[in-house]
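A.B. asks: Position 31 of the sequence shown, counting from 1, maps to 22 under the numbering used here, and the rest follow consecutively.
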Amino acid sequence: AFETARENEHFDEIYGMRYGIEGLLKEDLIDLRRQPASLWPRLRTTPGAALGSCRYKLKNDDPEHILALFQRYQIHDMLYLGGNDSAETSHRLAQAAQQQGYDLRVVSVPKTIDNDLPYTDHCPGYG
């Protein structure tokens, strides 16, 4: 996804959230375009989440706070990898953006060892 986005002129910045949605709430973002080119081939063979991960369920006021951050950083596209909680987070953010009239495209990418996400055949991470 990063390589495709990097080659697309639609994306000026490509941010990574360190430690998932918790990192976003703390504004712990890195501009992936500014990372050395030598990093990307190494990540293809690195297990786990290179940016860190979290287990966090959004609190009631989190979607509004996140949308304010998206507006500040001019973020209109989001990929979020994970299981059930991550899919719920993606859904809640998409709903909040729609309610506020904010132009946001959210893609929930299934990745869970449990292989328990509905509407998917298999999830990466499932052995």
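Don't be surprised by glycine CBs; every beta carbon is placed ideally from N, CA and C.
Measuring alpha carbon to alpha carbon, tell me which of Leu34, Ile5, Gly73 and Arg9 ends up nearest Leu42.
C.D. replies: The shortest C-alpha separation from Leu42 is found at Arg9.
A.B. asks: Considering just the uninterrupted stretch of the alpha helix (DSSP H) at Ser77, what are its terminal residues?
C.D. replies: It spans Asn75 to Gln91 - the alpha helix (DSSP H) in which Ser77 sits, taken as one unbroken run.
A.B. asks: Candidates Ala59, Thr(-5), Ala(-8) and Gln86: which alpha carbon is nearest Leu16's?
C.D. replies: Here the closest residue by C-alpha is Ala59.
A.B. asks: Answer yes or no: do Thr80 and Tyr110 have a C-beta to C-beta separation smaller than 9 Å?
C.D. replies: In this structure, Tyr110 does not lie closer than 9 Å to Thr80 by Cβ.
A.B. asks: For Ile104, count neighbouring Cβ atoms within 10 angstroms of its own Cβ and tell me buried if that reaches 16, exposed if not.
C.D. replies: Ile104 is exposed by the Cβ-count criterion.
A.B. asks: Can we say the segment 64 to 81 touches the segment 26 to 37, given the rule of at least three CB pairs closer than 8 Å?
C.D. replies: At 8 Å Cβ cutoff, the stretches do not touch.
A.B. asks: Under 7 Å Cβ to Cβ from His113, same chain only, skipping five residues before and after it: list those, please.
C.D. replies: Once the five neighbours on either side are set aside, the close Cβ partners of His113 are Asn106.
A.B. asks: Any idea if Ala(-8) is buried or exposed, counting beta-carbon neighbours within 10 angstroms, 16 or more meaning buried?
C.D. replies: Classification for Ala(-8): exposed.
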